[in-house]
Every structure is written in structure tokens, then in C-alpha cells.
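Taken in order, the sequence shown gives residues 1 to 332; the numbers are from the UniProt record's numbering.
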Amino acid sequence: MDPRSEVLLRQADLFQGPLLIAGAAADGLLGQLPQAQAWTWHAGDHGWLQQRFAGRSHFGVDVPEAAFDAAVLCLPKSRELAVYLLNALAALLAGRSLYLVGEKRGGIEGAAKLLQAFGKPRKLDSARHCQLWQVTVDHAPEATPLDSLAQRFELALDDGPLQVISLPGVFSHGRLDRGTALLLQHLEHLPVGHVLDFGCGAGVLGATLKRRYPQSQVTLLDVDAFAVAASRLTLAANGLQGEVISGDGIDAAPDELSAIVSNPPFHTGVHTDYQASENLLLKSAKKLVKGGEMRIVANSFLRYQPLIQQALGNCETRAEGDGFRIYRAIRG
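Laid out in C-alpha cells, this is it:
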């Protein structure tokens, strides 16, 4: 069980009424809190929870329309996202309790200070390298629209400027990361057809691909609901059409792809996790048509080349720079 869930169960008497657990982990916590419901923006966690606790998990970027008398936020990695989520929950909890739980190495002590905007916070527990805080919402804020927290920036590309719209919690929020910057320079001569931007984030690659290959169908896929929302905003800002879907890894992608382009993720929360990236590499052959191509960027220290060779039988380093490598492989 997630250590944050274990801390909540140490104080289970506080959570027996109608409760919303925001950022709930994929574990058995709901089974021990019968009136609790989960809100998550991670498609994999939502799928796991729905399978085991049907109707008690909600997925998306907005507070679900569920009845609750108190709420717990499991601290996310992004401080900007934590601010949005706490504000959204506190706006609905005037006079009631808002809880914050998180790991010490995830910054829970600093994040707990955010509760001061709503009342006088107090620490309830410290265990499992986590802390649990509570505040009675004496000063309920006005809900802040998510769009108002978007960060917009412009990329100067060879075929004209690209408008990018990023949302709190999205990878490389408000800026272009170095890996994607390198990959943007090496998108030439991709097969035309159905192209996938895997782990799309704010949609930089997907939007660029659609503009560069207008005759191709472009699908953007991410596990995170905030990334999906940001990608849709980025496509709209540039007048581009593309399918944006949420799903847990490459298994959620369409079949018969002519190309997979990605700056694959390998971090989840405060823990490092390579599973999504490794699954992408190992299962790419099942998603690509014969002659289809995978082109990805990765940190140079990641040993992805053997996995790509294992899956597709070939792999070349297309470019290297700034601590990153571009890998290219063709399905035979």
C-alpha cells in the first residue's frame, strides 16, 4: 500500500464520512474507507481503481461532481498543481476539513504552508516518511479556472512560430525541455500515415508533426489528464486537428501506426519509474505497420538501444547532443 494511504489509515476514524481523496493511489484504501471516493488525473490509477471499486473513481482535471464532507489531497510532485488542487477543493469546503498528506522528500512540510490561506493548519501525524496535515476552511477561496493558470510560450520553428499552452503539473511546464528541443530538429522523412506522439505532454511534438505532415493522421497520447487538456489547447491555438487520448502506456495507442515519435517519460511523482518507456520500446513492433518507424529522444545514460534492438531488430543513433540521443528504428 502507498505510504500516504497507510498514514491516512492510522487516522481512519477521521475519514469514515463522505470523503474525496484527490490524487488517490492505486491501492486498497477505498476498500477500508467505505464512504470515500477517489479523484485522479492518472489514467492507469483510474483504471485500476475502477476495476476494483466500480463507480468510486473519477478521472479528469476538474473536481468531480460527487458529494463529500471533507477532502484529502495526496501531494503531487508539482507545486503549481498542488496550488490549483488545494484551491479547487477549498472552494467547496467552507467550514469543513481539508487534509494534505505527502512524503517528506516530496516537500510536504513546505506544501503544508499553502494551507495557511484557508485557515490555521495543524499536523496530525508523521509516519512512513510522510506527514498528514489538516485545516478547517475558514476562508473559502473563489475557484480559480484552470485555463487562467495556463502558461503560454512560442517556439520559433523553421516553418513558423508554434504556440504552446501548458498547464500545471504537465511535464516541462511553461518551457521547452532540452530533449524535445533536440528531437524537433530531427523529424524529417517520417513515414506518412498514422503518427503517434507518445507521452505528449503539452503537445509540442504532436502539433509540430501535424503541421509538418498535414496529410498524416496524428494521435497524441498521455497518461495524465492535465497533459491531455494542454495538448488540446495547443492544437486549438495553432488551428490544427488531431486526436488526443488518455491512456496508460502504449497498450492504449491505436494499431497500424506508421510512426511513433516520443520523448518518453521516466519519472512518476518523487520516484523514478521506467516502466512506461520500456513497455513502449518492447511493444512498439505490435503497434507499427511493416516499414513503420520509431523515433525517440532519451537521456544518453538510459540504456534504451538494446531494448529497441530486441523489439525491432535494429536501432541507430540519429543524433546526439546536450546529454540526449535520438534513436531511430524500423519495423521489418
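All C-beta atoms, glycine included, are put in the ideal place defined by N, C-alpha and C.
Give me the Cα-Cα distance between residue i and residue j, rounded to the nearest whole angstrom.
i, j, result
"Ser148", "Tyr84", "10 Å"
"Lys77", "Phe171", "11 Å"
"Lys120", "Leu157", "49 Å"
"Lys290", "Asp45", "33 Å"
"Gly47", "Ala276", "15 Å"
"Leu14", "Tyr274", "36 Å"
"His271", "Leu146", "Caution is warranted here: a pLDDT of 48 is assigned to His271, below 50, making its placement in the model unreliable, and the coordinate value is therefore given only provisionally. Cα-Cα distance, rounded: 26 Å."
"Thr144", "Gly107", "23 Å"
"Ala285", "Val228", "25 Å"
"Thr317", "Gln116", "51 Å"
"Arg122", "Trp133", "6 Å"
"Leu233", "Ile245", "13 Å"
"Glu109", "Gly102", "9 Å"
"Lys113", "Gly169", "19 Å"
"Leu92", "Val137", "9 Å"
"Gln305", "Arg175", "28 Å"
"Leu167", "His173", "6 Å"
"Ala259", "Ile250", "13 Å"
"Val192", "Arg212", "11 Å"
"Gln131", "Ala90", "19 Å"
Indicate the three-state DSSP secondary structure (helix, strand or coil) for residue i in the structure shown.
i, result
"Asn299", "strand"
"Pro141", "coil"
"Asp45", "helix"
"Ser216", "coil"
"Phe153", "strand"
"Leu93", "coil"
"Val244", "strand"
"Ala26", "coil"
"Pro161", "strand"
"Ser57", "strand"
"Phe324", "strand"
"Glu65", "coil"
"residue 335", "Given that the chain is displayed from residue 1 to residue 332, the structure contains no residue 335 and the question cannot be resolved."
"Glu293", "strand"
"Leu235", "helix"
"Ala202", "coil"
"Leu19", "strand"
"Glu6", "helix"
On the DSSP letters alone, give me the boundaries of the beta strand (DSSP E) that residue i sits inside.
i, result
"Glu256", "Per DSSP, Glu256 belongs to no beta strand (DSSP E) and is neither H nor E."
"Gly321", "316 to 321"
"Arg178", "Per DSSP, Arg178 belongs to no beta strand (DSSP E); it is in the alpha helix (DSSP H), 178 to 184."
"Gln11", "From DSSP, Gln11 is part of no beta strand (DSSP E); its letter is neither H nor E."
"Arg122", "122 to 127"
"Val170", "No beta strand (DSSP E) holds Val170; DSSP gives it neither H nor E."
"Ala38", "36 to 40"
"Leu132", "130 to 136"
Which residue marks the beginning of the alpha helix (DSSP H) containing residue i, and which one marks its end?
i, result
"Leu196", "Looking at the DSSP string, Leu196 is not in any alpha helix (DSSP H); the run it does join, the beta strand (DSSP E), is 194 to 198."
"Leu307", "305 to 312"
"Gln275", "275 to 287"
Measure the beta-carbon distance from residue i to residue j and round it to whole angstroms, keeping in mind my assumption that it falls under 8 Å.
i, j, result
"Phe153", "Val135", "34 Å between Cβ atoms; not a contact."
"Ala207", "Asn238", "5 Å"
"Ala22", "Val72", "7 Å"
"Leu282", "Leu257", "Not really, about 15 Å apart at Cβ, beyond 8 Å."
"Gln37", "Ala66", "5 Å"
"Asp69", "Arg96", "6 Å"
"Leu312", "Arg331", "6 Å"
"Pro3", "His129", "6 Å"
"Ser262", "Leu240", "Ser262 to Leu240, Cβ: 19 Å. No contact."
With hydrogens ignored, establish whether the beta-carbon of residue i is closer than 6 Å to any heavy atom of the ligand MN.
i, result
"Gly193", "Summarising the ligand content, the structure contains no ligands, and the ligand MN is consequently not present."
Whole runs of the alpha helix (DSSP H) within the region 70 to 120, excluding any shorter than 4 residues:
79 to 90, 108 to 111
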